[in-house]
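J.:
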Amino acid sequence: MRLIPTARGAYAALSGLLAAGLGLASALLVAAIVRPESSPLVTIGGTIIDATPTPVKEYAVRTVGTRDKPLLLLGIGIVLVILAMLAGMLASRRPLAGLCAMGLLGAVGVFAALTRPAAQPFDVVPALVAGVVAVAALAYLRPRLPAPPAPAAPAPGPAPAPGPGPQDPVWIRDSHVILGQDSGDFPDPNGIKDGAPAGDGAAGDGVKGGGVKGGGSRRGFLVAAGVVGGAAVVAGGAAGVIQRAKGGAAARSRENLALPAPKEPAGPRVTTPDFYTPAGKFYRVDTALTVPQIDVDRWRLTVHGLVDHPTTLDFGQLLDRGLIERDITLNCVSNEVGGPYIGTTRWLGVPVAGLLRAVGVRAGADQVVARSVDGMTIGTPTEVLLDGRDGMLAVAMDGRPLPPEHGYPVRMLTPGLYGYAGSCKWVTELELSTFDAYDAYWVKRGWARRAPVKTGSRIDKPAPFATGLTAGPVTVAGVAWAQHRGVRAVEVQADDGPWMPAELLPVPSTDTWVQWRLTWQARTGGHSLRVRATDTTGAVQPEKRQTPFPDGATGWHTLSVMVS
Amino acid sequence: MNTKRKFAAVLATGAAAVALAACSSNAATEATGSSAAPAMSASASSSMSEPFGPACSSVPTDASNPGSFDAMAKVPVATAASGNPALSTLVTAVGKANLGDTLNSAPELTVFAPTNDAFAKIPKADLDKVLADQATLKKILTYHVVAGKITPDQLAGTHKTLEGQNLTVTGSGENFKVNGTATVVCGNVQTQNAIVYIVDGVLMPS
């Protein structure tokens, strides 16, 4: 099909654009009212993100940072604008094909909605609405397109070829007329200038009748276009207002979320500085391009799979099971030796073990697969969750509801396992399964199925490349960890000297890191300090260097310092 | 909301309504994966520009290759360098000087990284002597490191190295020389904690 840029082509493109705009605005309105996650832009965006190779995704996040999502939506918007304009132009020549093309745009949205991992039956409704409204709007606008030099066919059916002549103005110039001219300029001699006097006559009808039959009048078309465009703006604006109001409500609901007191409170807070990691500084490692915003009133946890009593809990029912409060250190498997992806805080949550016993785990179900609201999966050994440790469905850290980026409203937490193997954020589902039957997200990517935290230690003082150290006593300090086993000893070696035992500061349990310190008699010159920990089983932290992949880094953290 | 305004401005009149709702906060609910993911760096928020320089083209583009820019950006600087075969002499030197963890643990650094070819310009006997002398090696290597991240637009000028003495960068745009002798052959390479400028000469403190 030839798409010659003519005045009629521009109007036809505008009709497609307006029709699609009204369809999408209607869909957004429906989605905003019922379920924001069902917005076609979100489902299509999610589908595109999932289809994007991981390196491209990571590149995108690194390059555009947090603007990636708006940019993706912008891209979708631009593609939609182009396709809608093409559909409009197609409809002006071949109405049935054009309407089908417009309907196809809606079908794309339906397909995306159906294939989202977290899809609900309602999710197809906004895309269906978009398709139906867009097709209807296009069917309404198409017969009202300003007539080409030859009178347009009034009835639906194959339109005569418009036969654009060389005298037709280029569509860009004409689009200036559309965009730049306000209604006060009508009626005007433009129709004559365009060589379409027939349109002028129809415009006269339009003034009296308020509508145009059979098309042909520029004015009639613009009135109809104004109706559709106005409706789109109203619907879209209303959707925006509703969604903002809801978003504000969700933020307020987190602010005001009242959590009951724990039935098992933690002991007194550790008072040494830096034992607790402030929530704002707690490491964040996840694949979420944007942080899921979850309305706690809609949140549900479904426990199913190989269980006797599949169960769904809302947030209140979860809290009713009773809360425990614990100090727990969490670390990321991708942390390098000496790296920053480890932190400790006071968590509040519901024990996972009690919930698993209540639903009745069937024999052989050796893996609990946790699923997040956005489809992440994390597999944890069932036996680990039932061995008496404080695995929990956490709802608060550091005395406040979880920050959105740390899994609000509920995340899993398994002390003693790296995060990717036991600490699913934004969790909405626990499926009892087996390691044979299912590989979780990171396991599919080559990381170990079972990932207990390896004994580790880190020198925090002196700082890397610290200057200003002087000969004499120098405090060397840091942290060591072996969650759920506990740290028995920490030793530091300067250059090739003897290993010096460090003092271990008190800890609330074996599930947190241990702060250690010692005084080192430093002599002038450059020195290497290195540290190693021993856990309560007597195993010394391995010296051999190993990369984080596939089950956690090993090696003794070694620091160069200059003493003057 | 700035993004919203920009977004709306781009779209034509009829689609403006779309934008209003599209950029509202709830539109973002369905990203891809989530949760404690091992392979991705935590604060992947930098909006850095691309690496530049003639030698950049020889860097692998396959993100699964540890020597690629994508892979280097996710790990701390010493680990990143060890993924790049063209920096293997430097990595060996860093290992002998026991500086790897220190480079990896420092919060923000700028590293001038001499290539293997740069080290090859030093007579072998001299190089072997330096590699065997940890104190001298440390002095030389820390002369290649500056505290803080120096972006390309701040690169020209005098910078105090961790060794204590200054180094001087001249040039602009994508053409820089360090101390008048070493040329930046691939600059603005991102790692988790450092910006790396790969140079074709070893810098010597006085």
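Here the protein sequences come in this chain order: V and H.
If you're matching positions, the first sequence starts at 1 in the numbering used here and goes up one per residue.
If you're matching positions, the second sequence starts at 565 in the numbering used here and goes up one per residue.
Ideal Cβ positions, reconstructed from N, Cα and C, are used throughout, including at glycine.
Quick caveat, the model's predicted, so the values are computed rather than measured.
Please list the terminal residues of the continuous alpha helix (DSSP H) segment that includes arginine 357 (chain V).
T.: Note, arginine 357 (chain V): alpha helix (DSSP H), 352–359.
J.: From H:Ile704, H:His723, H:Tyr707, H:Leu705, pick the residue whose C-alpha is nearest to that of lysine 713 (chain H); which is it?
T.: The option with the nearest alpha carbon to lysine 713 (chain H) is H:His723.
J.: Measuring only from the beta carbon, is histidine 557 (chain V) closer than 7 angstroms to any heavy atom that is part of the ligand SAH?
T.: Here there are no bound small molecules, and the ligand SAH is not part of this structure.
J.: Under 8 angstroms, Cβ to Cβ, is there at least one residue of chain H near asparagine 190 (chain V)?
T.: Note on asparagine 190 (chain V): pLDDT 39, under 50, position unreliable in the model; no value is reported.
J.: Let me see if you follow: with CB-CB separation under 8 angstroms, is phenylalanine 465 (chain V) close to chain H or not?
T.: Interface residue, yes.
J.: Report the three-state DSSP secondary structure of leucine 22 (chain V) (helix, strand or coil).
T.: Three-state DSSP puts leucine 22 (chain V) in a helix.
J.: Is the shortest distance between the beta-carbon of proline 618 (chain H) and the beta-carbons of chain V less than 8 angstroms?
T.: So no, proline 618 (chain H) is outside the interface.
J.: Starting from methionine 392 (chain V), follow its DSSP beta bridges and name the residues at the other end.
T.: V:Pro351, V:Leu413, per the DSSP bridge assignment.
J.: Reducing DSSP to helix, strand and coil, say where tryptophan 442 (chain V) ends up.
T.: Helix at tryptophan 442 (chain V).
J.: May I ask which residues mark the beginning and end of the beta strand (DSSP E) holding asparagine 730 (chain H)?
T.: Start and end: 730–736.
J.: Output the distance between the C-alpha atoms of alanine 539 (chain V) and tryptophan 481 (chain V), rounded to the nearest integer angstrom.
T.: Between alanine 539 (chain V) and tryptophan 481 (chain V), the C-alpha separation is close to 13 angstroms.
J.: Could one say the Cβ of histidine 304 (chain V) lies closer than 8 angstroms to chain H's Cβ atoms, at least one of them?
T.: Output row for histidine 304 (chain V): interface = no.
J.: Alpha carbon to alpha carbon, how far is arginine 218 (chain V) from leucine 74 (chain V)?
T.: If I take the Cα positions, the gap works out to 31 angstroms.
J.: By the three-class DSSP mapping on this structure, what secondary structure does glutamine 493 (chain V) have?
T.: Three-state result, glutamine 493 (chain V): strand.
J.: Apart from the five residues just before and just after cysteine 424 (chain V), which ones in its own chain have a Cβ nearer than 6 angstroms to its Cβ?
T.: Within the same chain, cysteine 424 (chain V) has close Cβ partners Ala370, Ser372, Ile378, Met412.
J.: Quick one: what's got a C-beta closer than 8 angstroms to glutamate 672 (chain H)'s C-beta in the same chain, skipping five residues either side?
T.: For glutamate 672 (chain H), where only same-chain residues beyond five positions count, the Cβ hits under 8 angstroms are Ala711, Gly712, Lys713, Asn757, Ala758.
J.: Let's see if you can read the secondary structure: which residues bound the alpha helix (DSSP H) around glycine 379 (chain V)?
T.: Unbroken run through glycine 379 (chain V) is the beta strand (DSSP E), 377–381; no alpha helix (DSSP H).
J.: Runs of 3 residues minimum, wholly inside the region 655–691 of chain H: which ones carry the beta strand (DSSP E) assignment?
T.: Qualifying beta strand (DSSP E) stretches, in chain order: 673–678.
J.: Considering only the beta carbon of each residue, do valine 742 (chain H) and valine 733 (chain H) sit closer than 8 angstroms?
T.: Yes.
J.: Which full runs of the alpha helix (DSSP H) of 4+ residues lie inside the region 512–542 of chain V, going along the chain?
T.: Taking only runs of at least 4 residues, no alpha helix (DSSP H) segment lies wholly in the region 512–542 of chain V.
J.: When you compare the CB of glutamate 336 (chain V) with every CB in chain H, is at least one pair closer than 8 angstroms?
T.: Cβ-Cβ to chain H under 8 angstroms: yes for glutamate 336 (chain V).
J.: Below 8 angstroms on C-beta distance, what does proline 640 (chain H) contact in chain V?
T.: Chain V residues near proline 640 (chain H): Glu336, Gly339.
J.: Could you give the distance in angstroms between the alpha-carbon of tryptophan 513 (chain V) and the alpha-carbon of arginine 346 (chain V)?
T.: Straight-line Cα distance between these residues: approximately 13 angstroms.
J.: Roughly how many angstroms lie between the CA atoms of alanine 113 (chain V) and isoleucine 44 (chain V), to the nearest whole one?
T.: So the alpha carbons of these two residues sit roughly 7 angstroms apart.
J.: From what residue to what residue does the alpha helix (DSSP H) around cysteine 620 (chain H) run?
T.: Note, cysteine 620 (chain H): premise wrong, no alpha helix (DSSP H); not H, not E.
J.: If we cut at 8 angstroms on Cβ distances, does lysine 660 (chain H) have a partner in chain V?
T.: No, because no Cβ of chain V sits closer than 8 angstroms to the Cβ of lysine 660 (chain H).
J.: Report buried or exposed for methionine 392 (chain V), applying the criterion of at least 16 other Cβ atoms within 10 angstroms of its Cβ.
T.: Result: buried.
J.: With distances taken between CB atoms, is the gap from proline 769 (chain H) to glutamate 738 (chain H) smaller than 8 angstroms?
T.: The answer is no: Cβ separation not under 8 angstroms.
J.: Judging by CA-CA distance, which residue of V:Ala136, V:Asn256, V:Leu99, V:Leu83 is the nearest neighbour of proline 403 (chain V)?
T.: Measuring from the Cα of proline 403 (chain V), the nearest candidate turns out to be V:Asn256.
J.: Would you say aspartate 665 (chain H) faces chain A, with C-beta separation under 8 angstroms as the test?
T.: Looking at the structure shown, chain A is missing, and the protein chains on hand are V and H.
J.: How big is the Cα-Cα spacing for leucine 24 (chain V) and threonine 380 (chain V)?
T.: Distance between the alpha carbons of leucine 24 (chain V) and threonine 380 (chain V) is about 41 angstroms.
J.: Use the C-beta contact count for histidine 82 (chain V): other C-beta atoms within 10 angstroms, 16 or more gives buried, fewer gives exposed.
T.: The sequence given here places isoleucine at residue 82 (chain V); histidine does not occur at that position. With fewer than 16 Cβ atoms within 10 Å of its Cβ, isoleucine 82 (chain V) is classed as exposed.
J.: With a threshold of 8 angstroms between beta carbons, is serine 253 (chain V) in contact with chain H?
T.: Answer no: the Cβ-Cβ gap between serine 253 (chain V) and chain H never drops below 8 angstroms.
J.: As a quick exercise: from V:Thr271, V:Gly407, V:Gly416, pick the residue whose alpha carbon is nearest that of glycine 486 (chain V).
T.: That would be V:Gly416, whose Cα lies nearest to the Cα of glycine 486 (chain V).
J.: Examine the Cβ distances between the region 550–558 of chain V and the region 525–536 of chain V and report whether three or more of them are shorter than 8 angstroms.
T.: Contact holds: three or more Cβ-Cβ distances are below 8 angstroms.
J.: Which residues in the same chain have their Cβ closer than 6 angstroms to the Cβ of arginine 362 (chain V), if we skip the five residues on either side of it in sequence?
T.: Answer for arginine 362 (chain V): Leu306, listed in chain order.
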